[in-house]
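Engineer: Supplied in structure tokens, the structure appears directly below.
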Amino acid sequence: MKINVELIDNLKKLCHNSSHPNVWMASALVHRNKVISYGLNSMKSNPFQKRYGKNEFAIYKHAEVDAIQNSLKVKFEKFDGSMLYVARIKYESTEKKNFISGLAMPCSGCLRCVKEYGIKNVIYTMDGNNFGVIQL
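Positions 3 to 138 (my numbering) are the ones given, in order, by the sequence shown.
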């Protein structure tokens, strides 16, 4: 599987638009090498996210679920064969000057959403410049 590193770099830039105060994540739903939708995590509660929360209090929007919900808004229905990219940035040190990639492996709730919509591959950033792949 070929990983689109340019897309991941763009997602890392998009992470700066996340409204979450501590965790900056962005995602993209890709079908046939075309980005269908983007998603960001935020501290806003969301009924769609509540369906996929890890517990009853996990109702704040996750980037993965946001990308899937945004794809539905543009009437996208061909999830089979689609891929989900997820990126996270974090501070390199306690000095809070430079950002680096962080672990963006989807939580169990987000994986439930991904499975429900038939997405077969998730590519996510890991600490450093490595990538993780989940094949469902």
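Idealized CB from N, CA, C, for every residue including glycine.
What residue does the alpha helix (DSSP H) around G111 start on, and which one ends it?
Structural biologist: 110-118 is the span of the alpha helix (DSSP H), which, as asked, contains G111.
Engineer: Quick one: what's H33 bridged to in DSSP?
Structural biologist: Note: H33 sits in a beta bridge opposite K36.
Engineer: Only counting the same chain, and skipping five residues up and downstream in sequence, which positions put a Cβ closer than 8 Å to that of P23?
Structural biologist: M45
Engineer: When burial is assigned at 16 or more other CB atoms within 10 Å of the CB, is E5 buried or exposed?
Structural biologist: Note on identity: in this sequence residue 5 is Ile, with Glu being the wrong assignment. Around the beta carbon of I5, fewer than 16 other beta carbons lie within 10 angstroms, which makes this residue exposed.
Engineer: Is it true that the CB of S29 sits closer than 9 Å to the CB of D68?
Structural biologist: It is a contact, given that the beta carbons lie within the stated cut-off.
Engineer: Take N19 and list the residues in its own chain whose beta-carbon comes closer than 7 Å to its own, dropping the five residues that flank it on each side.
Structural biologist: By the criterion of a C-beta distance shorter than 7 Å, N19 is surrounded in its chain by L42, once the five residues flanking it on both sides are discounted.
Engineer: Using a Cβ-Cβ cutoff of less than 6 Å, which residues in the same chain neighbour K52 once the five nearest sequence positions on both sides are dropped?
Structural biologist: I61
Engineer: With distances taken between CB atoms, is the gap from Y87 to V32 smaller than 9 Å?
Structural biologist: yes
Engineer: Residues in the same chain with beta-carbon distance under 8 Å from K36, minus the five sequence neighbours each way, listed in chain order, please.
Structural biologist: Within the same chain, K36 has no close Cβ partners at all.
Engineer: Assuming contact is defined by CB atoms lying nearer than 9 Å, are I38 and S84 in contact in what I supplied?
Structural biologist: yes
Engineer: Kindly list the residues whose CB is nearer than 6 Å to the CB of I121, restricted to its own chain and excluding five residues on each side of it in sequence; keep chain order.
Structural biologist: So the list reads F81, S84, L86, once near-sequence residues are dropped.
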